[in-house]
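One structure below.
Number of protein chains: 6
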Amino acid sequence: MPNRIVAFGEIMMRLQVPGVELLTQSNTLQYSFSGTGVNVAAALSHLGHHSYIVSTLPDNPLGDAAIAHLRKLGLATELIRRDGQYIGMYFLESGFGARPSRVTYTNRQQSSFNTAALNGYDFAAASSKIDAAHFCGITLAMNDTVRAQMVAFAHAVRIAGGKVSFDCNYRPGLWGEGSHAFARTHYESMLELADMVFMNEKDAMLTLGMQTNYAQCREQLLELIPKVALKYSIQTIAGTHRTINKDNTHTLQGYLFKDGRFTFGEPLTFAVHDRIGTGDAFASGIIHGQLKGWVPEETIAFASAASMLAHTITGDTPLSSESDIRKAMATSLGDIER
Amino acid sequence: MPNRIVAFGEIMMRLQVPGVELLTQSNTLQYSFSGTGVNVAAALSHLGHHSYIVSTLPDNPLGDAAIAHLRKLGLATELIRRDGQYIGMYFLESGFGARPSRVTYTNRQQSSFNTAALNGYDFAAASSKIDAAHFCGITLAMNDTVRAQMVAFAHAVRIAGGKVSFDCNYRPGLWGEGSHAFARTHYESMLELADMVFMNEKDAMLTLGMQTNYAQCREQLLELIPKVALKYSIQTIAGTHRTINKDNTHTLQGYLFKDGRFTFGEPLTFAVHDRIGTGDAFASGIIHGQLKGWVPEETIAFASAASMLAHTITGDTPLSSESDIRKAMATSLGDIER
Amino acid sequence: MPNRIVAFGEIMMRLQVPGVELLTQSNTLQYSFSGTGVNVAAALSHLGHHSYIVSTLPDNPLGDAAIAHLRKLGLATELIRRDGQYIGMYFLESGFGARPSRVTYTNRQQSSFNTAALNGYDFAAASSKIDAAHFCGITLAMNDTVRAQMVAFAHAVRIAGGKVSFDCNYRPGLWGEGSHAFARTHYESMLELADMVFMNEKDAMLTLGMQTNYAQCREQLLELIPKVALKYSIQTIAGTHRTINKDNTHTLQGYLFKDGRFTFGEPLTFAVHDRIGTGDAFASGIIHGQLKGWVPEETIAFASAASMLAHTITGDTPLSSESDIRKAMATSLGDIER
Amino acid sequence: MPNRIVAFGEIMMRLQVPGVELLTQSNTLQYSFSGTGVNVAAALSHLGHHSYIVSTLPDNPLGDAAIAHLRKLGLATELIRRDGQYIGMYFLESGFGARPSRVTYTNRQQSSFNTAALNGYDFAAASSKIDAAHFCGITLAMNDTVRAQMVAFAHAVRIAGGKVSFDCNYRPGLWGEGSHAFARTHYESMLELADMVFMNEKDAMLTLGMQTNYAQCREQLLELIPKVALKYSIQTIAGTHRTINKDNTHTLQGYLFKDGRFTFGEPLTFAVHDRIGTGDAFASGIIHGQLKGWVPEETIAFASAASMLAHTITGDTPLSSESDIRKAMATSLGDIER
Amino acid sequence: MPNRIVAFGEIMMRLQVPGVELLTQSNTLQYSFSGTGVNVAAALSHLGHHSYIVSTLPDNPLGDAAIAHLRKLGLATELIRRDGQYIGMYFLESGFGARPSRVTYTNRQQSSFNTAALNGYDFAAASSKIDAAHFCGITLAMNDTVRAQMVAFAHAVRIAGGKVSFDCNYRPGLWGEGSHAFARTHYESMLELADMVFMNEKDAMLTLGMQTNYAQCREQLLELIPKVALKYSIQTIAGTHRTINKDNTHTLQGYLFKDGRFTFGEPLTFAVHDRIGTGDAFASGIIHGQLKGWVPEETIAFASAASMLAHTITGDTPLSSESDIRKAMATSLGDIER
Amino acid sequence: MPNRIVAFGEIMMRLQVPGVELLTQSNTLQYSFSGTGVNVAAALSHLGHHSYIVSTLPDNPLGDAAIAHLRKLGLATELIRRDGQYIGMYFLESGFGARPSRVTYTNRQQSSFNTAALNGYDFAAASSKIDAAHFCGITLAMNDTVRAQMVAFAHAVRIAGGKVSFDCNYRPGLWGEGSHAFARTHYESMLELADMVFMNEKDAMLTLGMQTNYAQCREQLLELIPKVALKYSIQTIAGTHRTINKDNTHTLQGYLFKDGRFTFGEPLTFAVHDRIGTGDAFASGIIHGQLKGWVPEETIAFASAASMLAHTITGDTPLSSESDIRKAMATSLGDIER
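Protein chains in written order, with the UniProt record's numbering: chain D, 1 to 338; chain Y, 1 to 338; chain G, 1 to 338; chain E, 1 to 338; chain Z, 1 to 338; chain A, 1 to 338.
Dropping the structure here:
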C-alpha cells in the first residue's frame, strides 16, 4: 500500500547550458524544476507512494510552468501556495573532466518561497493528509521565517502522528563563513523533531561541533553517529561516503545506523552523467525501505542502487521505479534490454 | 567619420521560449542580452559609430556572458562596471495571431544596475570620451539612485560638450498606477537636459500633464509637441504612431519636429517577426541622421525604414547597416539577393 | 467551485515533423499525447475543474511517458488502466499554404484502448467520482467492444446523476465508405444518453439521415437541430461553421441551441498555427459555460474565443485559462503584454 | 512507363541559417545539396521517371555526403564523376517581410564541376542510357570548358535520339555586367540544340537582343516567343511571369508555346515558404507533360501547380508526386488530410 | 568488381530519444530506418557492392520516408514491394553506465512485411539479379508466412547459383519462452540452405540442442562448431564473443571456421557509442572477405575492425568504407586526421 | 597591467557536425571562427590582455559574422582588413573512440587572407600599438606572399621594440610531401626573428634537419633544443609531448627552455572533449607567464593547466580565465562548484 508523503522546500528553476558549453558560448538553455524537496518527493512517487510538495510559487507563467513540470514528475501540487513574485533560479554550466560544473544563482531570498508570510501555510491540514514528511538543511539556511515554518511544520507532523525525516545537507556557501555556531542551534531544533536523519561524520563535527580523536572517516563515523542518535533521540541515521576517482567515475558507500547497529552497503563505482540530486535519491531509497519495513541490508543496498541510477538520469530529480532499482541491484553491467 | 556614442541603462537577459510555445509546454529557452541602451548603442554601432554602454553587471558567469554577447552586438564594453550580484532578466513567450506575447520579469530592483552605488560611475571620464549620450524613460522608472545617476550623467555630458538624447518610453507597469505626477518631475529633469527627445502626444498629455482640445492624434501632436519643445528648450523631437492592422501587419508613421517645423515620414506597412526594440531602431535612425546632418526628410525616411527592418530581425537589438536600410528605403518588396 | 469531469477515449501519441518539412526530409519528430477525450478534459482542467481521463495504456515506457505528459496537461490519471501492449500513434506533417497537413496512423485497432476487455473498466466507480462525462464520435468508430464500453459508461454516469456530453465528430475515414447506416444506430444510442451534443446540420443529414429542402447551411441548421433535440430529448446542442479564407485565415462561427432557442456567436477570423484539437476547445468552452450557468450569449462567446485561442497553441490540447480567454474576448489585436 | 532522364550541372551545397536569423546571430546551419540540374532531375524522379545527374564531385567526405543526399532525393548517382577537390557552396540567410533573403557564394570556379577536364565525361555512354536531357543557363555561365562540355553533351544526346531541354535562367551576377553579347553566342549554341526551351520575353530581349515596340510583358511575349521558336527551330517554349504582392504572396502565371499556339495557365496566388528551385519545378512539370503527351492545357496547369507546391517545400528541390500535384490542381485551400 | 547482394528482412523505423533522456522526460525523437537486412546490405554497399533489400513497406508517407532513407544508406530499393498498412517501429532510450538502454516495440506482426502475402514476392526474379543473399534469425521468428517466404527465397537463390548466408541471431523475446524446440526446426531449414552461417556455441547448445561436457566458451565452441558444419554441410561459420568490461568498454573477439580450420581474430577493446547493428557489421565484413577471396586471417581481422567501427557510428547501420576499416586495422588510437 | 598583443594569421570558419555523426548522416552544422592566431590572441584576452588580430576577411555576410564572433571571443577587430572574396573553411566530423575525427578543407588558397596584396597591411602602424606579436607555422605554409607578409610583420615588430613569438606547428599536409627542405628556409627566417619559439625535438629533426644519436624523445629534446636556441639566438623555447592512452585520455607534459635551463612540468592526464586549439592554449600560457615575469616552474605549470582546460572547452578557442586555470592547477578532480 502506498504511503502519503510530503516534502517541504523551495522549488527552483534549473537553467542548464546544453552539452558542456559555457554561458558565454551558447545561446540556449534547458530548463526544469527541482529542489531537494521536489527530488525526494518525486523519487518516492516513482517508488509508488503518493507524494505532495508544500511550497510557494508565484502566480505567473513561471509558476504555472513549475506546476506543470512538477506534475509531470509525479507530484501532487495542491498543497503549493501561489503567492509572492519570483521563483528561485540557478544556472548550470556542466563541466567536463578537469573542468568542474559551475552553478550561478539568482536572488533566492526574494523568491515566493523565501518571502512567504510566517503563517501562510496551513501545516495542520497538510499534516493530516500524510504519513511522513521530509525536510532538508538547505531550507534551514534560508532565513528566520522559513526556519520557523520548517520547525512548525515538523512539529505539526509529529503531533498528527507522522514521521519526520531530515537531511542535514549543510552548504557552507548558503550560511556564510564562520556561521557554524549560528547554524547549530537551528540544526538541533530539527534533529530533535526527526525520526530519521541523513548525515555523516562531517556534519557531526562541523555543524554539531562534536569532537573525535580518530583521523579516519570510518572510525569517526563509528564513534560519532551513535552519539548523535543518543543525544537527539533519533531512531535512524543514514548517509554516504563519496570518492571521486581519477577516471571520473565516483565510488559511493552508504551506511544505515538503526537500533544501535551499523549496516554498510557494498561500495558502488560508476560513471556519472548528472551529479545533482543523487543524495536525494539515496534518502528516498532509505525512506522507502523504512516504510516497507525492509531489513537494513536490503534498505541500504536499495538506496545505494537508487543513488547510483540517479547519476545516470538527466536532471536533478530521480526517476527510477522499484523495478529499475532492483535490476540495477542484480546486475553490474548492462547491455540493451530488448 | 564615426561618432563616439554612449548609452546608459540596464542590461537585461532575455530568455525566450522558442517558436510560439508556452513556458508550460517547452523545456528550452533562447537567451540574449538587450535593453534600450544596448539596442540604441548597438544599432548606432552597426551604422558605423563607436558605441559604448555605461552600466553595471555582476562579476559572475552571467555577467561574463552578457559582456561577450554585447561585444558581438558591436558594443565597446570597457565602461561597464562589474559589481553587485544579479542581472535583470525577462522571460518572453511569443504570441501568435489572437494570442499576445507575454513577458515575465525577475526582480530588476535587485540587479547590479539597480543596486549600484550612487557614486559608482565616473561620469566625467565617460563624458570625455564621447560625442553624444542616449537615455531612456525605462531607466528613469527604476529608483531614486538610478534617477540621480542618470541626471548626473546627462549633466556631465552637457558640460563636456556632448549631445543628450532622451526617449520618454513611459511604461505604466514600472511606475505603478496613479504615479504620473511623481514621474513628471523626473521626466522634466531629463527634458531640460536633452537636445533631442523621442515622444509623441500621449507622453505630453499623460506624463507631462499637458492639455488639448483636439481629439485626433495628429492634431494633438501638432499642437503639443511645439509647446514641449518651447517649454523645455528642446531642439529636436521625434516619434512614431503605430497601428496594428487586422492581418497582423503593423503600420508605422514617423515624425520629426525640428527648427519649428514638422516633417512626416511615409506610413510604412509590414509584417512583424520580433516587435521588441523597434522603437530603439527608430531612435537610432534619427540620431544617425542628426549626426550626419541630413535634411529632415531623409532622416525620417531612414529612421522609419530602420524601424521597419528591426521588426524583421530576431531579438531586441537592431542589426541593420546603413546599406541595408537604404535598400529597404528604395524597394518595397524583396526577392532573393543573389 | 470546480466540477469533477471525466472524458472517455483513446490516448494517442502524436509524432510531428518539426516546422513544415516532410517525413522524407527530416530525421526528427516532436511527440506529445492527445485525443479528443484528453483535449476536452485538459481544457476543462485549465478552466479550473478537476478532470479525469478513463482510458487504457500499455504498461511500458510509452505508457509511462503518456501518463507523465497527461499529468503535465493537468489531468488526473488514476482512472487510466494499464493493460494491453500498444499505444495508438499518428504522424503529422504540417502543411504550408497550398500544401495541406498530412496525418498517417499506426494500427489503432491493436492499441491498449481498442483491445481492452469489455468489462475491464469499473464504470460505476468512475461515475461516482464525477459530475459530468464527455464522449466523442471518434471513439464510437473504433469497434464493437469500445462502443459497448462507451454506452455502458454513459449509462452509468446517468444513473449516478452525472451529465453526459457527446461530440458527434463523424470521421468518414474511420467508419469506411457507405457505412452511414451502420454508424447511425450507434450514434443514436449515444444521442439518447446525452444531455449535451456537439454537431451541426451535416451530422443531422449524413449521420442521422435527416432530410431538408433548404440549400444553405444556416437554414438547414435552423430546421434540423431542433428536430434532433426533440427526437433524442437533448437539452443542449452546439457546434460551429468553419470557413477557410483565401489568405489562410479561418473564420469560425459558433451556435448554441438551448431551451428551444438558437444563439449565434460573432464570426471570428484569425490566423491558424495548429488546427488540431480546436473543436475540442469549443466543446470545453460550452461545457464550462453550462457548468457555470452562464447565459447562452456569454457561453457561445466564450467557447468561440476558446476555440480561436486553441488555433494559436502548439499541439492538440487547449491550454488557455479563463483569464486568457476573457482577454481574447475583450480585445481584437494584441501587442506585447509587459 | 517511366522515362530515363538526365540533367547536367553543378551540385551545390546549400548552407542555410535556421529560421530568419542572420549569420552574425546564429551558430547553426542546415545543409542540403541542390542545383538546377539536381532539382529538375529529382522532381522528375518524384514524378515516376528514372533520373540521372551528370556532374563531378570531390572524392572526400563532402562529396560522399552529396552522393548520399542526392540518392535520398531519388537520383541515380552512378554517372557522377569523383574528381577535383571542392564542392560549390552557398550560404542562405532567409529574409522576412521587408528584409530580403541573402545568398553568399564560395568560390564556384574552383569546384570539382567547374575544374573537370574537358574530356572527363563519357557523354556518348551517358546519352545511350537516357531519353531526355536537361540543361540550364546557370551552367552556361561557368567557364569555357563547362560550356564546351554542355554543348558536347547536348549534341551527343541529339545524335543518340534523345530530347534536349534548356532553361535559359540568365543570371546577370554570374556573367558580369555588359556581357549580354558574350553570353548570346553561347545561348544560341544551346537554343539550336534544344527541343524545348524555358524562357520569357526578357530573355529574348536582353540575352538574345531581340527588339519589340510593345511595352507590356504579355504583348512582348506574344510577339517575341514565336520569333525565337522560328529562328532556332524550337518545338516547345514555356515560361512564367511572377508578381510579388503586397501581402508577401506571389502570383505566378505560366505559358506554353507549342505548335505555333500559346496556352496560358490560370494565375495562381499563394504564400511562399522557400522560393529557391520553384522555376525548376515548373520546368519539370512541363517536361513531364510533354513526355506523357498531355494536351497543353493539362501540361501548363500541372506545371503551374507543381511550381506552386515547390514554394511550400523546404529546400531547393521539388518533392511532390503526381498525386500531390493533381490534388493541388483540384483544390484551392486545404484542411488536414486524415 | 562489385558483387550484387540482396538481404531479405523487415525494415524497421527506429525512434530514438536524443542524448540519454527517458521517454518521460523528452519531447523529441530522432528517427532512422534499419533492420538486420538493411544493415548488412548497406554495410556491403559501403564496401563497394551493389546491394538490394527485398522487403515490403506501406504505400504511405512512412513508407516513402523509409525508401528515401534507405537510398541514402546506399541501398537499391527497386525490389521493395509497397503493400500493407504499417511499418514496424521501435523506440530506443539510450542507457548510460549502470542504466541499460531500453527498447519498446510497436506491433511488428501487423507490419507490411509481416502481413505480406505468401506469394507476394517474385523470388526467382530477385535471385536472377544477385550473387549472394543474406538472411537472419530475427526474420525467422516472425510468423509462418514469413518463414515460408524466407526458405523459398533461400531455395531460389541456391537454384539460381547464388550463395546463401544466414545469421542465427536468436532472440528469446521474439520466440517466447520454452520455444527452442519449435525454433529448432526452422533454424535447421535455413542451416541446410546456407553456405555461410553466423553463430557461436550458445546457438549450437540452446537453439540446436547440442550437448557438450566442456564448461568454457572457447572449448565449447571448438567442439560444437565443427559438428554443426558437418551436420548441416556448411562451408563457413563465423561469430564473436563479446565481453562488457567494468569501464563500459567492450571486448570483442571474432572467429572464422572454414575448411575445417578455426581462425581467431585479435581481441579488440573499445569504447561504445551505439551498440545496435554491430553484429551486422561483423557479418558484412566476413561476407566481404569471402567474396574477395581473402585468407581467413585477413577476413577475421577486417570483420572485427568493421564491427569495432560500427560501435562508433550513430544509428544501427554500419557506414564504414574499406579504407576506413583498413585504417582502423592499422592503428590503435587516433588523433585528428587533417 | 594588461599587455597589448597581436596575432597574425588566417581566420577560418569551422563547420562542425553536431555530436559524433558523419556528414553523410546529419543535416546540421555548428559554426564558429578560429585559427591559431585567433586562438592565441583570444586566450590572452581571457587572461586579461588587450588582444588584436591582424588578418583579412571578405566584406560580405560571412566576413561580418566572423567579426561579430571574434569580438565575442574578446578580440579587438579594428586591425582586420576587409578585402578579397572568400573565407577559409573547414568541416569537422568528430570521431569517437576507435574512429578518428576528420577534417575537410575548402580552398584556403582563394581566401581573403591568402590573396591579400603583398603591401595590403600597414605593419608599422600595427606594430606601434602592441607589445608582442604571435606567429604560427601554419601561416608560413600558405604561399610566398603570405610568407613575405609574415616576415615583414615580425621585422616591424622587432623594430618597434615588441617581442616576437613563433609556434612551429609544422603540418606536413599543407607543405606537401618531401618539402622539408623548402620549408626549412622559411622556418629559419622566422626563428631568426623570434624571441620565443614553440617546438619540440621532432621540429628540430624534421623541419630544421638536425641530427641526433639518441632514440628517446626526452634525450633528443635535451640535446637538440639548446642547439636550436644557440643557432638562432632564441631566448625561450617551449613545447609539449603528448601521449594518447588506451582509455582515450591524453597525457601532456610541457617543457620550458630558458636561460640555458630546462624546466619540465608535471605530466597531466585528462579526458578530452575538443582537441583542436589546445596547443594554442599552451602557447598562450607560456606567453602570459613570460609577460608576467613568472619563474619557469610557475609558467610551465600554468601553461600545462591552460592546455588541459582547453581540451574541455567546445570549439578551437581557449576561454579560461587566470582564476579558472589556477583552480585547475590546485585541484585534481572536481565536483560541482556551488
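Glycine residues also receive a C-beta, built at the ideal position from the N, C-alpha and C atoms.
V6 of chain Z and A126 of chain Z look like a contact to me (Cβ under 8 Å); what is the Cβ gap, rounded to whole Å?
6 Å
When Cβ atoms are compared, which residues of the region 47-70 of chain Y fall closer than 8 Å to chain A?
A68 and H69
Spatial neighbours of L309 of chain Y in its chain, beta-carbon cut-off 8 Å, leaving aside the 5 residues before and after:
A281, P318, S320, D324, I325 and A328
Would a check of beta-carbon distances place Q30 of chain D closer than 8 Å to chain A?
no
For M199 of chain D, which three-state DSSP category applies?
coil
Quick check on the DSSP output: the beta strand (DSSP E) that includes H241 of chain A runs from which residue to which?
T236 to I244
From the beta carbon of D247 of chain Y, is the nearest beta carbon of chain G less than 8 Å away?
yes
Which residues in chain Z have a C-beta closer than 8 Å to the C-beta of F153 of chain D? List them in chain order.
The premise fails here: F153 of chain D is roughly 30 Å from chain Z at the closest Cβ pair, so nothing lies under 8 Å.
Unbroken alpha helix (DSSP H) run spanning Y105 of chain E, endpoints:
Counting along the chain, Y105 of chain E falls outside any alpha helix (DSSP H), though it belongs to the beta strand (DSSP E) covering R102 to Y105.
Would the region 129-139 of chain Y count as touching the region 97-107 of chain Y if we require 3 or more Cβ pairs under 8 Å?
no
At which residues does the beta strand (DSSP E) containing Y86 of chain D begin and terminate?
Segment: none, Y86 of chain D is in no beta strand (DSSP E) and carries neither H nor E.
Can you say whether P100 of chain Z is buried or exposed, counting buried as having 16 or more other CB atoms within 10 angstroms of its CB?
buried
Determine the chain Z residues that contact K72 of chain E at a beta-carbon separation under 8 Å, and present them in chain order.
A68, H69, R71 and K72
Opposite F33 of chain Y in the DSSP bridges: which residues?
Y:M13
Beta-carbon neighbours of G19 of chain E, restricted to chain Y and to distances below 8 Å:
T314
Within 8 Å of any Cβ in chain E, is that where the Cβ of F96 of chain A sits?
no
Take T145 of chain Z and list the residues in its own chain whose beta-carbon comes closer than 6 Å to its own, dropping the five residues that flank it on each side.
L118
Taking all protein chains shown into account, decide if A283 of chain Y is buried (16 or more other Cβ within 10 angstroms of its Cβ) or exposed.
buried
Which residues bound the beta strand (DSSP E) around K258 of chain E?
H250 to K258
Report the neighbours of T24 of chain D on chain A: residues whose CB is nearer than 7 Å to its CB, in chain order.
L319
If you run the structure through DSSP and keep just helix, strand and coil, what is R4 of chain E?
strand
For R99 of chain D, would you say it is in contact with chain A, using Cβ-to-Cβ distances shorter than 8 Å as the test?
yes
In the DSSP assignment, what are the bridge partners of V20 of chain Z?
Answer by DSSP bridge pairing: none, since V20 of chain Z is not bridged.
Please name the residue, chosen from A:G95, A:T77 and A:T56, that lies closest to I87 of chain A on a Cα-to-Cα basis.
A:T56
Rounded C-alpha distance that separates G48 of chain E from A303 of chain E:
15 Å
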